[in-house]
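Residue numbering for the sequence shown follows the numbering used here, beginning at 1 and increasing consecutively.
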Amino acid sequence: MNVETLVVTTGQSDNHLPQQMHIQTDALIGNQCGKDSLSEHVYLGHKIRYINTSTHGVGINRNEVLMRATGDICVLADDDMVFLDGYEKTICTWFQKLPQADILLLNLEGGKARHRNTKVTRITTMNYGKYGAARIAFRREAVHFSGVMFHTMFGGGCRYSCGEDTLFLRDCLRKGLRIYGIPASIAQIDDSSSSWFQGYSDKYFQDKGILYYALDGKWGRLHAWIHCFRHRHRYHEYGWKNAVKQMVKGMGTVK
1 MNVETLVVTT GQSDNHLPQQ MHIQTDALIG NQCGKDSLSE HVYLGHKIRY
51 INTSTHGVGI NRNEVLMRAT GDICVLADDD MVFLDGYEKT ICTWFQKLPQ
101 ADILLLNLEG GKARHRNTKV TRITTMNYGK YGAARIAFRR EAVHFSGVMF
151 HTMFGGGCRY SCGEDTLFLR DCLRKGLRIY GIPASIAQID DSSSSWFQGY
201 SDKYFQDKGI LYYALDGKWG RLHAWIHCFR HRHRYHEYGW KNAVKQMVKG
251 MGTVK
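Put into structure tokens, the structure is as follows:
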């Protein structure tokens, strides 16, 4: 069982990223840099492949590396991660403990507050929305066979600023893939300067509304209201009722 790290990044002009991220496996790096080329080199005995493209948007970039992945197990990564020593062994150990699992959602250290697994948890349609892409490890053949890809309209650099990871996990569940949250960390992350989050604004909530519509259809309005009410203290400066209004406004643009 071998692990391949699938990284998405932009504007790389040298080969320093594997060292910067402390990558300890073979890796495939999708680099959106304004030109189209392929390159390969060896770093500490591991094969590092670069897919340099002139495309834009994180969904397209993740699909580029997803389609070309070759590892038995793949782990998704962003370029602001620094992997912990032994992350390959951690991932393999948990897949061996859970042979029925197709996808594992692991913990990240540092950065903003995010959901942390404290025990092994089966991921369902009730709890998948707590997780981002840069903590997902999966059996490559299971995901390739399912045909699930990342939505190219959502996420950093796309028309709608976030949500490609949520849609990906939703689609994996719909295809019957078995997903588990795991109480083990694989990387440190520094997300103090987000590539897409620029504060709570009309555009932020309109995009979030469009995401809820993509996820929930006609139930999107109800779920938007529940979400904003539940997080009303987080949104107190913007106003949670105004947040609902903007989310509904966003939904209206795609019906």
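Ideal Cβ positions, reconstructed from N, Cα and C, are used throughout, including at glycine.
>> For Gly110 and His46, what's the separation of their Cα atoms in angstroms?
In response: The residue you call residue 110 lines up with position 110 of the sequence shown. The residue you call residue 46 lines up with position 46 of the sequence shown. About 27 Å.
> If we count the other Cβ atoms within 10 Å of its Cβ and call it buried at 16 or more, is Val58 buried or exposed?
Replying inline: Against the sequence shown, residue 58 aligns to sequence position 58. Buried, since its Cβ has 16 or more Cβ neighbours within 10 Å.
> Whole alpha helix (DSSP H) runs in the stretch 70-146 with 4 or more residues, listed along the chain?
Replying inline: 87-97 and 140-146
> With 16 as the cutoff for other CB atoms within 10 Å, does Asn15 come out buried or exposed?
Replying inline: Position 15 of the sequence shown, counted from the first residue, corresponds to residue 15. Exposed, because fewer than 16 other Cβ atoms sit within 10 Å of the Cβ of Asn15.
>> Going by C-alpha to C-alpha distance, which of Glu88, His22 and Glu4 sits closest to Met67?
In response: Looking up residue 67 in the sequence shown gives position 67. The candidate whose alpha carbon is nearest that of Met67 is Glu4.
> Going by alpha carbons, who is nearest to Asn31 out of Gly199, Pro18 and Gln12?
Replying inline: Working through the sequence shown from its first residue, we reach residue 31 at position 31. Of the candidates Gly199, Pro18 and Gln12, the one whose C-alpha sits nearest the C-alpha of Asn31 is Gln12.
> If you draw a straight line from the alpha carbon of His22 to that of Leu177, how long is it in whole angstroms?
Replying inline: Counting from one through the sequence shown, the residue named residue 22 turns up at place 22. Counting from one through the sequence shown, the residue named residue 177 turns up at place 177. Approximately 30 Å, taken between the alpha carbons.
>> Extract the residue ranges of the beta strand (DSSP E) inside the stretch 17-44, only unbroken runs of 3 or more that lie entirely within it.
In response: 26-32 and 37-43
>> So Leu6 and Leu76 are supposed to be a Cβ contact under 8 Å. How far apart are they, rounded?
In response: For the purposes of this step, residue 6 is taken as residue 6 along the sequence shown, with counting starting at 1. For the purposes of this step, residue 76 is taken as residue 76 along the sequence shown, with counting starting at 1. Indeed, because the Cβ distance is near 5 Å, the residues count as touching under 8 Å.
> Under 8 Å, do Val143 and Asn61 count as touching if we go by C-beta distance?
Replying inline: Along the sequence shown, one-based indexing puts residue 143 at 143. Along the sequence shown, one-based indexing puts residue 61 at 61. No, these two residues do not count as a Cβ contact at 8 Å.
>> Taking 8 Å as the threshold (C-beta atoms), are Gln246 and Gly209 in contact?
In response: On the sequence shown, residue 209 is found 209 positions in, with the first residue counted as 1. On the sequence shown, residue 246 is found 246 positions in, with the first residue counted as 1. The answer is yes: Cβ separation under 8 Å.
>> Do Arg122 and Tyr43 count as a contact pair if the criterion is CB distance below 8 Å?
In response: Here the question's residue 43 lines up with position 43 in the sequence shown. Here the question's residue 122 lines up with position 122 in the sequence shown. No.
> If you drop the 5 nearest sequence neighbours on each side, which residues of the same chain put their C-beta closer than 6 Å to that of Cys92?
Replying inline: For the purposes of this step, residue 92 is identified with residue 92 of the sequence shown, where counting begins at 1. Hits under 6 Å: Met1.
> Quick one: is Pro183 buried, meaning 16 or more other Cβ sit within 10 Å of its Cβ, or exposed?
Replying inline: Along the sequence shown, read from residue 1 onward, the residue named residue 183 stands at position 183. Exposed, by the Cβ-count rule.
>> Using 8 Å as the threshold, is the C-beta distance between Ile136 and Leu105 below it?
In response: Residue numbering aside, residue 136 sits at position 136 when the sequence shown is read from its first letter. Residue numbering aside, residue 105 sits at position 105 when the sequence shown is read from its first letter. Yes. Within cutoff.
>> Counting C-beta neighbours from all protein chains within 10 Å, is the total for Ser161 16 or more, i.e. buried, or is it exposed?
In response: Within the sequence shown, the letter at position 161 stands for residue 161. With 16 or more Cβ atoms within 10 Å of its Cβ, Ser161 is classed as buried.
> For Phe150, which residues of its own chain have a beta-carbon under 6 Å away from its beta-carbon, when the five flanking residues on both sides are left out?
Replying inline: If you number the sequence shown from 1, residue 150 lands on position 150. So the qualifying residues of the chain are Gly59, Arg62, Asn63, Glu164 and Phe168.
> Straight-line CA distance for Ile226 to Thr253?
Replying inline: Counted from its first residue, the sequence shown places residue 226 at position 226. Counted from its first residue, the sequence shown places residue 253 at position 253. Their Cα atoms are separated by approximately 21 Å.
> What's the gap between the Cα of Lys203 and the Cα of Gly217?
Replying inline: What you label residue 203 is simply residue 203 of the sequence shown in a count that begins at 1. What you label residue 217 is simply residue 217 of the sequence shown in a count that begins at 1. Cα-Cα distance, rounded: 20 Å.
>> Can you find the residues in the same chain that come closer than 6 Å, C-beta to C-beta, to Thr276, ignoring five residues on each side of it along the sequence?
In response: Residue 276 lies beyond the stretch modelled for the chain, which goes from 1 to 255, so this question has no answer here.
>> Tell me the DSSP secondary structure of Lys241 in three-state form.
In response: As a first step, residue 241 is located in the sequence shown; it is residue number 241 there, counting from the start. If DSSP states are grouped into helix, strand and coil, Lys241 belongs with the helices.
> Leaving out five residues before and five after Ala133 in sequence, what residues of the same chain have Cβ atoms less than 6 Å from its Cβ?
Replying inline: In the sequence shown, counting from the first residue as 1, residue 133 sits at position 133. Cβ neighbours of Ala133 beyond the five flanking positions: Leu76 and Asp165.
> With burial defined as no fewer than 16 other Cβ atoms inside 10 Å of the residue's Cβ, what is the status of Trp219: buried or exposed?
Replying inline: Here residue 219 is taken as the residue at index 219 of the sequence shown, counted from 1. Looking at its Cβ environment, which holds fewer than 16 other Cβ atoms inside 10 Å, Trp219 is exposed.
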